Amino acid sequence: MAKLLAALIQIEDSPRCRIRLAAPTGKAAARLTESLGAALRKLPLTDAQKALIPTEASTLHRLLGAQPGSQRMRYHAGNPLHLDVLVVDEASMIDLPMMSRLIDALPAHGRVIFLGDRDQLASVEAGAVLGDICAWASSGYTAARAQELTRLTGSPVPAGEGAIAGALRDSLCLLQKSYRFGSHSGIGSLARAVNAGARAEVKATLRQPFDDIALHPLQHNRRVRSHARRGSAGL
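Residues in the sequence shown are numbered consecutively from 100, following my numbering.
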């Protein structure tokens, strides 16, 4: 997040660039504020550039100006948000009604960047919006965007087929490497199998002698409680 904001500031290079940060919940917003504050001190930016980076994230309800006892928001199409760039973290938690209100409140020139893991922290209300958006990544980039990325990165980027939803596909970036656990760890293997809906692979993974996962078939509630106590004690 911090490096993304630094890149935005350096690209824009304008004191008029208004950036806002938001997250679906208060906990996520507080975590974002804390992590960004720590990272901001390490960024190779001038004091003037650092001053353009917001140091506090708000919830989406607060950002849109939710009114107690009402479904109306202070900011909407007729009264858009005062910003140039909006960055939303933990975007997988945004449900369909909130996403509709958020997009409706963006100014015509505004840009929004959604960050999140489509396989985690699903929305409570209806609509897995981020997951539906990211599903287009399997179609690949358009030929023009693939050529542009190849030129910018120096690495070949293959193009997908067709031009359906080209603008949406060209706006997606899915990270493939996880830093939470090793690529050959039990947790990593199990997570990939679960996300792919591969039941046979899940069962096969649980039978492997990994150090970080284990399957313990239980036949009695007393054993369940015993394992829970051992787990909470870190045993």
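Note that the Cβ used here is the ideal one computed from N, Cα and C, for glycine as well.
Only a predicted model underlies this, so the values are computations on that prediction, with no experimental measurement involved.
Per DSSP, the continuous beta strand (DSSP E) segment holding I212 begins and ends at 210-213. Assignment of M172 by DSSP, reduced to helix, strand and coil, places it in the strand class. Around the beta-carbon of Y278, fewer than 16 other beta-carbon atoms lie within 10 Å, marking it exposed.
The shortest C-alpha to C-alpha distance from G265 to any of I286, R291, C233 is the one to C233. In the displayed model, T158 falls within a strand according to three-state DSSP.
Beta-bridge pairing by DSSP links A122 to T158.
V186: member of the beta strand (DSSP E) spanning 184-187, first to last residue. Closest by C-alpha distance to V184, out of H208, I118, A176, is I118. In this structure A156 does not touch L195 by the C-beta definition: roughly 22 Å separates them, more than the 8 Å allowed. Residues of the same chain with a CB within less than 6 Å of the CB of L229, apart from the 5 flanking positions on each side, are A190, S191, G215, R217 in chain order. Assignment of A207 by DSSP, reduced to helix, strand and coil, places it in the coil class. In this structure, A122 sits away from L135, with a CB-CB distance that is not shorter than 8 Å. In the three-state scheme derived from DSSP, where H, G and I count as helix and E and B as strand, A262 is classed as coil. Here S288 has T304 as same chain residues with Cβ atoms under 7 Å from its own Cβ, once five neighbours each way along the sequence are excluded. Counting C-beta atoms within 10 angstroms of its own C-beta, D188 has 16 or more neighbours from the protein chains shown and is therefore classed as buried. Spatial neighbours of N294 in its own chain (CB-CB distance under 8 Å, excluding positions within 5 residues in sequence) are listed in chain order as D218.
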